[in-house]
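Novice: Can you keep this structure in mind? I'll have questions shortly.
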Amino acid sequence: QSTVSGTVVDATGQMPIPGVNVLVEGTTNGTTTDFDGNYTLSGVNEGATISFSYLGFRTQTIPFTGQSNLDVTLTEDAAELDAVVVVGYGTTTKKDLTGSVSLVGEKDFNKGNNVTAENLLNGRVAGLTINTGGSPGASSEIRIRGGASLNASNSPLIVIDGLPINNVASGGRSVLSSINPADIESFSVLKDASAAAIYGNRGANGVIIITTKKGKQGLKVNFDSQASVARLTDKIDIFNANDYRSLINERFPDQTGFLGNANTDWQDAIYQDAFSSQHNLSVSGNIADILPTRLSVSRADQEGLRKTSSFERTTTSLSLNPRFFDGALKIDFNANLSWERNRFAPGVEGSAFQFNPTQPIYDPNSRYGGYYEYTNENGLALGNVPRNPVAQLMQTQDIASVRRYYGNFKVDYKLPFYEPLRAVVNLGIDNSESDRFFEIDRNSALGTNALEGEELGVRSDTDFKSSNRLLDAYLVHTKAFGDFNTEITAGYSYQIFENENFTTGNVRDPNAAPPELTLDPDVVLLAYFARGNFNYKQKYFLSASIRRDGTSRFGEDERFGYFPAISGAWQLSDEDFLKDSNTVSLLKLRAGYGITGQQDIGSAYDYLARYGLGNTISQYQFGDQFYTIGQPFYRNAGIKWEEITEYNLGLDYGFLNGKLSGSLDFFRKESDDLLSQAPVPDGVNFSNQGFQNIGKFTTQGIEFVVDYNLASNEDFNWNVNYNVTYIDREIDRLAFGQDILVQGIAGGTGNTIQVQRQGFAPNSFFVYRQLYDTAGQPIEGAYVDVNGDGILNDDDKYIAGNGRADVTMGFQSSMNYKNWDFSFNMRASFGNDIYNNVNSGNAQYGNVFRTVLNNVPTQVLESDFVNTPDVILSDYYLEDADFLRMDNITLGYTFDEDKIGKGSLRLWTGVQNVFVITDYSGLDPEITNNGVDNTIFPRGRTFLFGLNYGF
Amino acid sequence: ESDLDVTPQDDDELLADGFFETEGAYKQALAGVYANLSLTSINDPGGSNIAGLDAGTGQYIRGLFNLENLSTDEVIWTYENDPGLRGMQRNTWSSDNPLILGVFARASYEIALANEFLRQTTSEKLSSRGVSGTLVGDIQVYRAEARVLRALANYHLLDMFGKAPFVTENDDVGFDQVPEIVGADLFTYIETELTEALPDLVAARQNEYARVDQGVANMLLAKLYLNAEVYTGTARYADCIEVCETLIGSGYSLTPNYLFNFMADNNSNGAQNEIIFPITNDGANTQNFGGTTIIIQGEVGIPENNGESLGVNPGGFGGLFRVRPEFARLFTENPLYQSDARNTLITQDRPIEIDNIGNTAQGYLITKFSNRTSTGGFGSDRTFTDTDYPLFRYADVLLMYAEAVLRGGGGSESLALEYVNDLRERAFGDTSGNITQAQLTLDFILDERSRELYWESHRRQDLIRFGLYTGSSYLWSYKGGPQSGTAIPDFRKLFPVPNQSLSSNSNLTQNTGY
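Residue numbers (the numbering used here), protein chains in the order written: chain A, 51 to 1001; chain B, 2 to 515.
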């Protein structure tokens, strides 16, 4: 036996690579390289094979023939089979993966003005859809494989460096808005249950694991800066001032007295060109050769297209990653601080398209801050009329300041007395505090009692505090028995969430509720978990896990559940008959099965017999006295988690030496015991509806990914990537087979446009079938009498499509030629419908005169409809919303190092939201709200310029 | 693992046993049972503890008003795009109609609250919590009140649906599919409950304002007996007369000014002597989007913007309500009624007919309910009104007595005439509107009830009792759909059991015709 040492460097830069795994194959004898890429391995037998493996590099195996020095050069691996993939409670390599997991590393991130982390991923992962609003720093609707629930959360669990974060936005723009995207190294997207089951009753909607950047060897400084301007791309089609005058003269000759002399484009008046900038500075290195450190600071300033809206964020992030005892003791410390200042602008789109275009924005005689408002003979604002949208924006201050700190401290210790065993403890914390200040000016027509001439305005404060603390402790046992490799992980996890909310209410309203402090009951989650990963000859893989998971949201008898998963893979391409093929470089079959759960429901603690005490505005009078009332809450002693069973069959492939690679996955997800807002027998409980475990629905789908290196040589590289997902969702069972009407719309109080019905997709549109005359013109209020009973009522509505896409696609192209780089990405969506609520609720002549004259969408010229109540539930307003969008196009130039002295400099420019191709007549076919378009915060087209500098 | 046993921390949310630790909790819980007649949630007017419809629309009184008034000739709602409204006011509702769902659910919820109160106040529970002294006696009265409130909800279900889910304090809280109780059985159950509760109740007019007393229980009995023939097929007019006599002897009096009954201070302006059971409302402390708030805000006319005169904002809620021409003619056809204080019609610049329901300028308005006080002041808020809703009023007792006499229940015809003329004298300020014995007919009674009690949730019940609600003998605007009115089938005397309620309780059966 002898000792061997050496240095590992990478092939392109000849830079040392720290952390390379050096292992005598078939044994547990191994080590990792230090920060200078050096290693020493003792106890090696001649004839043994030593393997050198590292994330993103091709593994090298070298027979040991007694060399005392063995320097190794690793080359990057295009297929990245050895790429480290972070999974729950540990890591694995891409090669070892048996579940459906997508890894997106920094080099694959979307370019452009990505203020929130999830936008780095949009369109990059099959089965993952991200729909981000248009407001600055906006939150996103994130869905993995369409989500799994009807009434409970459909958002995936997000884990940052091992810390599952709270699913509550807590005053910020979103749960991800306080994270600096530039601090993120990679995302792992756990899509199927066999991968997510290790997160037990929180894994139902998949998991997104975010890994932040760490300090590395060698001092590195990076500076990124970018500036951008966004412009409005489109407006709602309404009458301009002159056309409006003609309309009124023609159709409403009695009301011409309401016409003014101004020519106001109210939509132009509420929007602005929005300027934004982002700056990131990071320094990383290895302090005193013992303390790898990364420190970053960032600043983002973003204006919104809607005037006054803005998002400002400052973050600092510190990462310390010391290693001791030859890497046997690894300590990781991450601390993040962020400050967010959001100014929210009220949604004035509705007032803007309704407001009479012949009236001015300003009125020197107005008592309302100089803004024009409709007034009565006393000069006081009228009720039940639109308010000046510009005044609403300018006279409202709605500002939330958020302070958040989160981070974790992780100790990973390889036990000296028993080498195969590692012990890992991870402590995490995520605290956030937000103060939201809300004021409407005293001279606003929207103020309290403004219609009575009082000048009170509105004023309220809301403070929100949330805290999330985590303890994970687990053991990892790694051992090989000949060609049979095992890794067993077992551990315990404890997490507690606390929220409190203080609101003053409207302090200027004498009859408003008084200040109120609300303490949510703590949510405690604890779990025991175990997982085994096994493989034989790195060809046959098996992974099995089980988690026993408890939540305080459910009663004693139901709070614990078992969530098992099993998956396997067969690396066909390593079989003898394919091993030497260059045509087929990778072929791996995967199959998985698992059960995950869902416990994140709106109303926790339904299992307890609780009484609520009423608010002061909800008292009841006996005699001369008002009594605080006590009423029991809805009770369900047997409430428990939803159970999602998922099957996944996958194939990973690589051809032509890895030039062409990708994967194909089939999945089937059965969500059972759905936590639905379901009817309760009347009179036996304290509501007629409540959360119950009733209902089932199935999601099936196919995901296909192909990645093609069209060119790869010194001067020219071109890579394209395409993914497509097909999803089919159907409700199998609802409580008592009963339809549930959902999705309120504007235009009437309490109208709904969608239904949950057995045999159909969730949130299907539920409408009347419009009748048309021979000229193809819709006949107002005439519908098909579906059941033929001569009466037109609810029984005549039918199901007409839904707002979710059947097929979504993403396409990316990135190329570089010498110093130039050029990339773009596109997304497409097919099979989704939109109910155009802007038209259905407004584009009727009956809305033109209501106390005053109002504008309406010009769509009324097509329909010639008069009465909103007669037409609002017509399928006439359902539109096809397929679209193809180019998200981003970027061109950059990197200066040669010798031209700028030291370091590297890249300048780039790009356009975001380049174009959308769609038949949809509204502003934007990509909306949330289950496909109901009732005005949106528009997405602008953004022009960007930026630079990256590093040395 | 014991960490998973969390308890509520908020001072407004308590475990049941913790809540009842304080002695005041019993009255708070009782207030909770009453409050469901006025409030839609314990938090704010935008919240609702029943689901399936808009919070305000699901308020108890608003639901009652929609089914008892809006489905008749007395009123029309402008905005037919609000779900369920078109079907309701055109008598074409289906079993999916959310307004009907709201009433069934809200009344059932009242039963559940009363049952819970009875469960939490058994003598075993009280002694185990160490409740003693006068409170034990008070709680006995509370319990009797809760039983009357439960009977009230059952009466509403009987009247509108002909049946109810049969659930008492002996049933568990949860998901049991309880049996239904129908027609005569339900009638007898309500009658028995009221009779049993009566001895434990405070004498009429002796309890705190707005709490149930023997007067309320007797009033309910009177309504039951008056409509017994509709409910069970067996007339009980003699019993009706007997209970009315008890009520007439209980010290109630007509307030001199008819309109005082419907004002912001109707709890103190003298109307409290006439109102047998008010459902309280308060602009500062009891806020909801139903009850008198929706009625008064909805009375405001567009383009009149007359909200100020009604004590709310000038535009109110944008012209929700007008009256149909058939009702208006009760006051306009005979010029006599121009001097009737009950005639609150606004007719100026308005056509009596409504060609287009969405046009707020057509049809007459009324101004019966107001958020102004008897001294000309304003209620405490311009959105939420102070006016208590007079669910039962002494004037109705007098009219019931007269009707029961005319229907052959015995009693005194001359007293009947006297009582009716009492109402007329109050209305006209003198005897100019008095009628003769010969004029006192059933047809007169029906019209007079509408003139006296319009918008007080009696009209549908009255029209059914007089055989005019369904069929074609009386057509009013938009009855059955078209403006000219059309016959509606007899099965529409009862509302359908909501589909949702049927599906969640397989023991409930649908009413014939639906």
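Think of the CB as a built atom: it goes at the ideal place given N, C-alpha and C, for glycine as much as any other residue.
The structure presented is a predicted model; accordingly, all values stated were derived computationally and were not measured.
Who are B/Y390's beta bridge partners in DSSP?
Specialist: B/I280
Novice: One question on the structure: do B/L469 and B/L441 come within less than 9 Å of each other, judged by their Cβ atoms?
Specialist: no
Novice: With distance defined between alpha-carbon atoms, name the residue in A/A133, A/G183, A/P396, A/F552 nearest to A/Y104.
Specialist: A/A133
Novice: Alpha carbon to alpha carbon, how far is A/G140 from A/D715?
Specialist: 24 Å
Novice: Starting from A/L724, find everything on chain B with Cβ-Cβ shorter than 9 Å and list it in chain order.
Specialist: Going along chain B, no residue has its Cβ under 9 Å from A/L724, so there is no contact; the nearest lies around 16 Å.
Novice: Between the Cα of A/N843 and the Cα atoms of B/E354, B/M89, B/Y475, B/S371, which residue gives the shortest distance?
Specialist: When only C-alpha atoms are compared, the closest one is B/M89.
Novice: Could you tell me which whole alpha helix (DSSP H) segments of length 4 or greater appear in the stretch 589-656 of chain A?
Specialist: 626-629
Novice: Can you give me the C-alpha to C-alpha distance between B/Y232 and B/A342, rounded to a whole angstrom?
Specialist: 34 Å
Novice: Does A/Y927 come within less than 9 Å of chain B when only Cβ atoms are used?
Specialist: no
Novice: Using DSSP with H/G/I as helix, E/B as strand and the rest coil, what is A/N767?
Specialist: Note: A/N767 maps to strand in three-state DSSP.
Novice: Taking one C-beta from the stretch 715-731 of chain A and one from the stretch 194-202 of chain A each time, how about it: are there three or more such pairs within less than 8 Å?
Specialist: Counting Cβ pairs under 8 Å, three or more are found: they touch.
Novice: Expressed to the nearest angstrom, what Euclidean distance is found between the alpha-carbon atoms of A/S185 and A/E469?
Specialist: Rounded to whole angstroms, the separation of the alpha carbons of A/E469 and A/S185 is 53 Å.
Novice: Taking the continuous alpha helix (DSSP H) assigned at B/T461, which residues delimit it?
Specialist: For the sequence presented, residue 461 of chain B should be read as Arg rather than Thr. Residues 460-466.
Novice: I'd like to know if the stretch 639-655 of chain A and the stretch 689-699 of chain A are in contact, where contact means that at least 3 CB-CB pairs between them fall below 8 Å.
Specialist: yes
Novice: Going by other Cβ atoms of all chains shown within 10 Å of its Cβ, with 16 needed for buried, is A/Q675 buried or exposed?
Specialist: exposed
Novice: Please report the straight-line C-alpha distance between B/R323 and B/G316, rounded to a whole angstrom.
Specialist: Distance between the alpha carbons of B/R323 and B/G316: 14 Å.
Novice: Give the residues of chain B in contact with A/N499, contact being defined as C-beta atoms less than 8 Å apart.
Specialist: Close partners of A/N499 in chain B (Cβ separation under 8 Å): R383.
Novice: Would the beta-carbon of A/G826 fall within 9 Å of that of A/G177?
Specialist: no
Novice: Around the Cβ of A/P68, are there at least 16 other Cβ atoms within 10 angstroms (buried) or fewer (exposed)?
Specialist: buried
Novice: If you draw a straight line from the alpha carbon of B/A26 to that of B/L127, how long is it in whole angstroms?
Specialist: 12 Å
Novice: Would A/S494 pass as an interface residue toward chain B - the criterion being a Cβ-Cβ separation below 9 Å?
Specialist: Chain B has no Cβ within less than 9 Å of the Cβ of A/S494.
Novice: What in chain A is Cβ-close to B/T287, meaning under 9 Å?
Specialist: Proximity of chain A to B/T287 at the Cβ level (cut-off 9 Å) is accounted for by I667, S668, Q669, Y670, Q671, F676, in chain order.
Novice: Does any C-beta atom of chain A lie closer than 9 Å to the C-beta of B/S433?
Specialist: no
Novice: Would you list the residues sitting across from B/R323 in a DSSP beta bridge?
Specialist: B/I77, per the DSSP bridge assignment.
Novice: Could you tell me which chain B residues have their CB closer than 7 Å to the CB of A/V730, listed as they occur along the chain?
Specialist: F176, S505
Novice: Under a Cβ-count criterion, where at least 16 other Cβ atoms within 10 Å of its own Cβ denotes burial, should A/S890 be classed as buried or exposed?
Specialist: buried
Novice: Quick one: is B/E243 near chain A, going by C-beta distance under 9 Å?
Specialist: no
Novice: Return no unless some Cβ of chain A is closer than 9 Å to the Cβ of B/N512.
Specialist: no
Novice: Are the stretch 39-47 of chain B and the stretch 657-673 of chain A touching, with three or more C-beta to C-beta distances below 8 Å?
Specialist: Counting C-beta pairs with one atom in each stretch, the stretch 39-47 of chain B and the stretch 657-673 of chain A have three or more that are closer than 8 Å, which means they touch.
Novice: Taking the beta carbon of B/A439 as the centre, do at least 16 other beta carbons fall within 10 Å, making it buried, or is it exposed?
Specialist: exposed
Novice: Can you check DSSP and say which residues form a bridge with B/N372?
Specialist: DSSP lists no beta-bridge partner residue for B/N372.
Novice: Report back the beta-carbon spacing between A/T775 and A/T858 to the nearest angstrom; my notes put them in contact at under 8 Å.
Specialist: 5 Å
Novice: State the start and end residues of the unbroken alpha helix (DSSP H) segment that holds A/N889.
Specialist: 887-892
Novice: Which of helix, strand or coil does DSSP assign to A/G787?
Specialist: helix
Novice: At a cut-off of 8 Å, would you count A/I829 as near the ligand FMN, judging by its Cβ distance to the nearest heavy atom?
Specialist: Within the structure as shown, the ligand FMN is missing, as the structure has no ligands at all.
Novice: Would the stretch 338-347 of chain A and the stretch 264-274 of chain A be scored as touching if the rule is three or more Cβ pairs under 8 Å?
Specialist: yes
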